[in-house]
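Trainee: Let me give you the structure first, and then I'll get to my questions.
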Amino acid sequence: MKFLPGTREIKNLRKKLNINQKELGKKLRIPQSTISRIENRRIDPPYSKFKKIYEFLQNERIKRESIGARTSAEHIMSKNLLTINSKSSIKDAINLLNEYSISQVPIIESGQNMGSLTSKKIQKFITDNPEIINADVSTIKELPFPEIEKNWNVKEISNLLINYPAVLVRERNIYVGIITDSDLLKLTNEN
């Protein structure tokens, strides 16, 4: 007889894999609200549904460990590194994010990682104060994305992406790429 863990372990495993409830629900064709209720012990799920969630997460963990052992940052990074400087306007940043369908951008000045900007942060500030759209990016910049060398493995990168929206990849002292959650998810879809 196979043992299934409790709902707390499901939530922990999902978070460890950096998969949100919406993504998990989409992949398994289970409403996100149902996953939330299961994780928060608001419903007692049918065995088949619980098993489906657990087995998916376990298989994803095994797949990622297997991939991570043999894949480096160099193989998964986006080589088209778009940047912005702190004197650019927030409006320019929005145009860049929209034009390239990205949700975050590093702020680079004279080859130095000076900060970052995310669409979530822009949205929050514009909602609170629409006039800020003409201000410099430096007025709402966030912490710089972490930096890694291109030989880092996927497991190490995945651990960073739990806390940051992106990581910058460098070779010596030159930025050569960026990695986001979507880059890791593309990798898991290849296998």
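Everything in the sequence shown is counted per my numbering, starting at 2 for the first residue and increasing by one. Each residue gets a CB set at the ideal place from its N, CA and C atoms; glycine is no exception.
(1) Reducing DSSP to helix, strand and coil, say where Ile175 ends up.
(2) Can you tell me whether DSSP reads Asp137 as helix, strand or coil?
(3) Look at the alpha carbon of Ser49 and the alpha carbon of Gln124, and state the distance between them as a whole number of angstroms.
(4) I'd like to know whether the C-beta atoms of Asp182 and Asn19 end up nearer to each other than 8 Å.
(5) If we call anything under 8 Å between Cβ atoms a contact, is Leu169 one with Ile179?
(6) Is the segment 44-59 close to the segment 145-165, with three or more CB pairs under 8 Å?
(7) Going by the beta-carbon positions, is the gap between Ile108 and Leu98 smaller than 8 Å?
(8) For chain B, is any of its Cβ atoms less than 8 Å away from the one on Arg171?
(9) Can you name the start and end residues of the alpha helix (DSSP H) that Ile77 belongs to?
(10) Residue range of the beta strand (DSSP E) that Glu110 falls in?
(11) Select from Lys53, Ile133 and His76 the residue whose C-alpha is nearest the C-alpha of Ser11.
(12) Taking the alpha carbon of Gln113 as the point to measure from, which residue in Arg173, Lys17, Asn21 and Ile36 has its own alpha carbon closest?
(13) Which one or two residues does DSSP pair with Val155 in a beta bridge?
(14) Go through its chain and collect everything with a Cβ distance to Glu75's Cβ below 6 Å, but skip five positions before and after it.
(15) According to DSSP, is Ile163 helix, strand or coil?
Mentor: Reading off the structure:
(1) Of the three classes helix, strand and coil, the one that applies to Ile175 here is strand, per DSSP.
(2) In the structure shown, Asp137 falls within a strand segment according to DSSP collapsed to helix, strand and coil.
(3) Distance between the alpha carbons of Ser49 and Gln124: 40 Å.
(4) For the pair Asp182 and Asn19, the CB atoms are nearer than the 8 Å cut-off.
(5) Yes, the pair counts as a contact, with Cβ atoms nearer than the cut-off.
(6) Segments in contact, no.
(7) No, the Cβ-Cβ distance between Ile108 and Leu98 is not below 8 Å.
(8) Note that chain B does not occur in the displayed structure, where there is just one protein chain.
(9) Its alpha helix (DSSP H) spans residues Ala74 to Ile77.
(10) Where Glu110 is concerned, the enclosing beta strand (DSSP E) stretches over Gln105 to Glu110.
(11) It is Ile, not Ser, that sits at residue 11 in the sequence shown. For the residues Lys53, Ile133 and His76, the minimum Cα distance to Ile11 belongs to Lys53.
(12) Ranking Arg173, Lys17, Asn21 and Ile36 by Cα distance to Gln113 puts Arg173 first.
(13) None, per the DSSP bridge assignment.
(14) In chain order, Lys151 place their CB closer than 6 Å to the CB of Glu75, counting only its own chain and leaving out the 5 sequence neighbours on each side.
(15) In the structure shown, Ile163 sits in coil (DSSP, three-state: anything other than H, G, I, E or B).
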